[in-house]
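Residue numbers (the working numbering), protein chains in the order written: chain A, 193 to 404; chain B, 193 to 404; chain C, 193 to 404; chain D, 193 to 404.
Number of protein chains: 4
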Amino acid sequence: MKYYDQISGQSIHRLEFLSDGVFAICFTLLILDIKVPIAEGIHSEHDLAHAFATLSPKLAAYLLSFMTLGIFWVAHSAQFYYIKKSDRKHTWINIFFLLFVSVIPFTTAFLSEYIAFKFSVALYWLNLFLLGQMLFFNWRYVEKHHLMDENIEQKRDIGKAIRRRGIIAQICYVAGALLCLINNYLSIGILMGIQAGFALGLFSRRMKNNKK
Amino acid sequence: MKYYDQISGQSIHRLEFLSDGVFAICFTLLILDIKVPIAEGIHSEHDLAHAFATLSPKLAAYLLSFMTLGIFWVAHSAQFYYIKKSDRKHTWINIFFLLFVSVIPFTTAFLSEYIAFKFSVALYWLNLFLLGQMLFFNWRYVEKHHLMDENIEQKRDIGKAIRRRGIIAQICYVAGALLCLINNYLSIGILMGIQAGFALGLFSRRMKNNKK
Amino acid sequence: MKYYDQISGQSIHRLEFLSDGVFAICFTLLILDIKVPIAEGIHSEHDLAHAFATLSPKLAAYLLSFMTLGIFWVAHSAQFYYIKKSDRKHTWINIFFLLFVSVIPFTTAFLSEYIAFKFSVALYWLNLFLLGQMLFFNWRYVEKHHLMDENIEQKRDIGKAIRRRGIIAQICYVAGALLCLINNYLSIGILMGIQAGFALGLFSRRMKNNKK
Amino acid sequence: MKYYDQISGQSIHRLEFLSDGVFAICFTLLILDIKVPIAEGIHSEHDLAHAFATLSPKLAAYLLSFMTLGIFWVAHSAQFYYIKKSDRKHTWINIFFLLFVSVIPFTTAFLSEYIAFKFSVALYWLNLFLLGQMLFFNWRYVEKHHLMDENIEQKRDIGKAIRRRGIIAQICYVAGALLCLINNYLSIGILMGIQAGFALGLFSRRMKNNKK
Chain A
193 MKYYDQISGQ
203 SIHRLEFLSD
213 GVFAICFTLL
223 ILDIKVPIAE
233 GIHSEHDLAH
243 AFATLSPKLA
253 AYLLSFMTLG
263 IFWVAHSAQF
273 YYIKKSDRKH
283 TWINIFFLLF
293 VSVIPFTTAF
303 LSEYIAFKFS
313 VALYWLNLFL
323 LGQMLFFNWR
333 YVEKHHLMDE
343 NIEQKRDIGK
353 AIRRRGIIAQ
363 ICYVAGALLC
373 LINNYLSIGI
383 LMGIQAGFAL
393 GLFSRRMKNN
403 KK
Chain B
193 MKYYDQISGQ
203 SIHRLEFLSD
213 GVFAICFTLL
223 ILDIKVPIAE
233 GIHSEHDLAH
243 AFATLSPKLA
253 AYLLSFMTLG
263 IFWVAHSAQF
273 YYIKKSDRKH
283 TWINIFFLLF
293 VSVIPFTTAF
303 LSEYIAFKFS
313 VALYWLNLFL
323 LGQMLFFNWR
333 YVEKHHLMDE
343 NIEQKRDIGK
353 AIRRRGIIAQ
363 ICYVAGALLC
373 LINNYLSIGI
383 LMGIQAGFAL
393 GLFSRRMKNN
403 KK
Chain C
193 MKYYDQISGQ
203 SIHRLEFLSD
213 GVFAICFTLL
223 ILDIKVPIAE
233 GIHSEHDLAH
243 AFATLSPKLA
253 AYLLSFMTLG
263 IFWVAHSAQF
273 YYIKKSDRKH
283 TWINIFFLLF
293 VSVIPFTTAF
303 LSEYIAFKFS
313 VALYWLNLFL
323 LGQMLFFNWR
333 YVEKHHLMDE
343 NIEQKRDIGK
353 AIRRRGIIAQ
363 ICYVAGALLC
373 LINNYLSIGI
383 LMGIQAGFAL
393 GLFSRRMKNN
403 KK
Chain D
193 MKYYDQISGQ
203 SIHRLEFLSD
213 GVFAICFTLL
223 ILDIKVPIAE
233 GIHSEHDLAH
243 AFATLSPKLA
253 AYLLSFMTLG
263 IFWVAHSAQF
273 YYIKKSDRKH
283 TWINIFFLLF
293 VSVIPFTTAF
303 LSEYIAFKFS
313 VALYWLNLFL
323 LGQMLFFNWR
333 YVEKHHLMDE
343 NIEQKRDIGK
353 AIRRRGIIAQ
363 ICYVAGALLC
373 LINNYLSIGI
383 LMGIQAGFAL
393 GLFSRRMKNN
403 KK
């Protein structure tokens, strides 16, 4: 006898398509929050440049969330590079991961609208935290249920590297978010710095020394 | 002589791409219905937290539909995991399935806007019902026209498991929706409970006992 | 020496991804034009059902365009099922095809907003016509430049079937659209009937007789 | 010991999915900026045709950006046709490329809203410039780190052709944009002409003579 829960959730390549689709849309939906300034009262090049400049908090939030999405997409595809099987539970861990991905355009718009409020920094941080947690659950489940490609060497080292990065990121995010108790702009600036650091690979200097 | 209807609708991998694309967009469009509260009248952290709290019916509807989409995506990919061929009619059954998928952001927004009305629960249920029906038609067509992978063992058991789950789900949905005759919030709460049950695998306890 | 135009446009699988992506988004964007009725003045189930009923022109336009997109997606994937190579010009024919796909949500919204105007029927027809033309150019180019899979038998019959269907569809569309000179609703109704006929396979009775 | 930066960013096929997803959405989001004219005051076919005609700057901007996206999608897939490996840095170069892709619907809306302002031409040009730059960085990185398919012959010629086209395009864009110092409409018209030239392959006459 077969149970539905045994036969569902096995399509790893479709899980990858779905994930890339959700990421691609979120990457692009972010821009919808940046509205072209209203023409009224704009009479000169100077007025227009000024109106564009007032979009800067929106543009900063856009850049922050684009990097955030990039970081979590890279992390997700790094894990899936080694995953060769899936099951129902693994699929649902990933669907909930995608829930927190799809929420980013909202928490980003919230942050850029209420840039001076601690509440919006906390909400954004919560989003980052839950994204990281779901990836952590994903990897733990993969290791426990042997969903990795059998032929991969150094499985343990790969697992360690993934967990280490996850922990470092979560600590950075908490620390950055807590700075809002001192000053909101400082906190957002530091969070942007952290994401830029991960995106540009500034935190991986040690690697270069160890590379053969 | 060849007829167009014989040569069209054979691309099973493109049907999968299209389906994953439509699902990915629906997953993400749901968030567009949750608008950031308007800044006017918000002066303190407390005001902002309060404004956020008023979004809770929207957030509940979001969560409900995210789980709904997840359940039907898992069901769709579970069927396609065993399907290896397609034809024109099979393709069109799936396009109409996607029609009812793409309608979810609308029926969800309708439900969250008119949360106290039986009409919106009925509309949402109708959406769930038609999604389930299309998947049922899909599987029946696959079995009748031998579109499954020839090498799969236990075809009959797989078919049984898929149909059993479909029937259980449809009964749950009808029962949950009918509760709106007593109380709308109860009905929506029970529907959320059903979807959470399917998502979190709470209804599959028996499986664990039977697993080797 | 190599020219850029010789090395670009060879990725047939990416052309398929891009096409499925554009179709998936258009399928889903259509629903964004159907707005949930505004709560003001809605006090009873009856009011809400009535408000929903006023959405029927929008829903009809939605159904029409969903079927239109389905028909052209099926036609596109039917052609690509036999295509194994691509080049720069073939790629650009397809990008312009996608241009007319991505315009459907607009011409649909236009039609549903100005349902009694000949201009909107003409605009919608023009969209259908150009979609068909691009597919026609696509196939002609494929045949002329031998982009089909070499192993396919009955190439000539396949080509004939594709062209025959294209011509039948274009004639139906012109005839249906011209009916707006008599009555707009008649014209739109007939166009919906044509699309439903193609979608449900009502026009393929002869095939069944010829099938072995 | 393994570092996260060594194990992330290796999934070239997912990078392709993500890119095609972002492009597909941008292709389609462009149309959202073209709103159906408001029904008020439209009483005759003539009024409607007139209202449609007022959309022409929007339609021109739509066509311009559709061609722009097409050109950069073709360029991106031309490069990836030869790329067989990826790493973390290569992945991030591409994520930043996608950032400038996803920004196109905004710079396009900006241009069509402020069509008479030099600032919007400069902004649009900047977008084109940065897209080209990221593709240039992408290719340079690919060559330097040997990410190309080993079996490809004429690697040097392919590299030359890609770079030559990039430089020609950048010169054309600068020249076209600078014309806004004389007249904005002239500048936009010339930019449209350049993109049409690339799209329709008007600039590749020499190739035909050299083709065997």
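C-beta atoms are modelled at their ideal positions from N, C-alpha and C, and glycine is treated no differently. Values in this document were obtained by computation on a predicted structure and should not be read as measured data.
Cross-chain neighbours of residue i in chain A, by beta carbon under 8 Å
i: Leu290 of chain D; result: Phe219
i: Glu237 of chain B; result: Phe309, Lys310 and Phe311
Span separating the alpha-carbon of residue i from that of residue j
i: Gln198 of chain C; j: Gly389 of chain D; result: 16 Å
i: Ala361 of chain C; j: Ile386 of chain B; result: 45 Å
i: Leu370 of chain C; j: Leu383 of chain C; result: 10 Å
i: Asp239 of chain D; j: Ala301 of chain C; result: 17 Å
i: His337 of chain C; j: Lys310 of chain D; result: 44 Å
i: Leu373 of chain B; j: Phe288 of chain C; result: 52 Å
i: Glu208 of chain A; j: Trp265 of chain B; result: 13 Å
i: Tyr254 of chain C; j: Ile230 of chain D; result: 19 Å
i: Ser211 of chain C; j: His268 of chain D; result: 16 Å
i: Lys227 of chain B; j: Lys250 of chain C; result: 23 Å
i: Tyr316 of chain A; j: Asn376 of chain A; result: 12 Å
i: Ile204 of chain C; j: Ser278 of chain C; result: 6 Å
i: Ile307 of chain C; j: Ala314 of chain C; result: 11 Å
i: Gln271 of chain D; j: Gly351 of chain D; result: 9 Å
i: Ala405 of chain D; j: His235 of chain A; result: No information on residue 405 of chain D is available, as it lies outside the stretch 193 to 404 that chain D covers here.
i: Met399 of chain B; j: Leu320 of chain A; result: Residue placement at Met399 of chain B is flagged as unreliable, the pLDDT there being 47, under the threshold of 50; the coordinate-derived value follows with that caveat. Roughly 34 Å between the two C-alpha positions.
i: Leu291 of chain D; j: Val293 of chain B; result: 29 Å
i: Gly358 of chain D; j: Phe328 of chain D; result: 7 Å
i: Arg192 of chain B; j: Arg332 of chain B; result: Only positions 193 to 404 of chain B appear in this structure, which leaves residue 192 of chain B out of reach.
Residue i, enclosing alpha helix (DSSP H) - first and last residue
i: Ser362 of chain B; result: Here the sequence assigns Gln to residue 362 of chain B, which means Ser is not the residue at that position. Lys347 to Leu370 is the extent of the alpha helix (DSSP H) around Gln362 of chain B.
i: Thr299 of chain C; result: Ile296 to Glu305
i: Gln198 of chain D; result: Tyr196 to Ile199
i: Phe309 of chain B; result: Element bounds for Phe309 of chain B: n/a, residue is neither H nor E.
i: Asp225 of chain C; result: Taken as a continuous stretch (DSSP letters only), Asp225 of chain C belongs to no alpha helix (DSSP H), as it is neither H nor E.
i: Leu373 of chain D; result: Element bounds for Leu373 of chain D: n/a, residue is neither H nor E.
i: Leu240 of chain D; result: Glu237 to Ala245
Cross-strand partners of residue i (DSSP beta bridge)
i: Ile275 of chain A; result: A:Met340
Interface residues of chain C facing residue i [CB-CB closer than 7 Å]
i: Tyr273 of chain D; result: Gln202 and Ser203
i: Phe209 of chain D; result: Phe209
i: Ile226 of chain D; result: Phe298
Contact list for residue i against chain C, beta-carbon separation under 8 Å
i: Ser294 of chain B; result: Phe219, Thr220, Leu222, Ile223 and Phe258
i: Trp284 of chain B; result: Gly262, Val266, Ala391, Leu392 and Gly393
i: Ala439 of chain D; result: Because chain D in this structure spans residues 193 to 404, residue 439 of chain D falls outside the shown range and cannot be described.
Within chain D, partners of residue i - CB distance below 7 Å
i: Tyr333 of chain C; result: Within chain D, no residue comes near Tyr333 of chain C; the closest Cβ sits about 13 Å away, beyond 7 Å.
i: Arg206 of chain C; result: Glu208, Asp212 and Ser269
i: Glu345 of chain A; result: Residues of chain D passing the Cβ test: none, with the nearest at roughly 10 Å.
Residue i: contacting residues in chain A (beta-carbon distance under 7 Å)
i: Gly213 of chain B; result: Gly213
i: Lys281 of chain D; result: Gly393
i: Phe302 of chain D; result: Val228
i: Ile287 of chain D; result: Gly262
i: Ala216 of chain B; result: Leu210, Gly213, Val214 and Ile217
Closer than 7 Å at the beta carbon, the chain B residues around residue i
i: Ile199 of chain A; result: Ala270, Ile350 and Ala353
Listed by chain order, chain D residues near residue i by CB distance under 8 Å
i: Leu240 of chain A; result: Tyr306, Phe309, Phe311 and Ser312
task: Decide yes or no for the touch test of the segment 327-341 of chain D against the segment 239-250 of chain D: beta carbon pairs closer than 8 Å, at least 3 of them.
output: Inter-segment contact for the segment 327-341 of chain D and the segment 239-250 of chain D is absent: fewer than three beta-carbon pairs are separated by less than 8 Å.
- request: Take every Cβ of the segment 220-227 of chain A, pair it with every Cβ of the segment 294-309 of chain D, and state whether three or more of those distances are shorter than 8 Å.
  value: Counting C-beta pairs with one atom in each stretch, the segment 220-227 of chain A and the segment 294-309 of chain D have three or more that are closer than 8 Å, which means they touch.
- request: Count the CB pairs spanning the segment 320-334 of chain D and the segment 206-220 of chain B that are closer than 8 Å, and state whether there are at least three.
  value: Touching, no.
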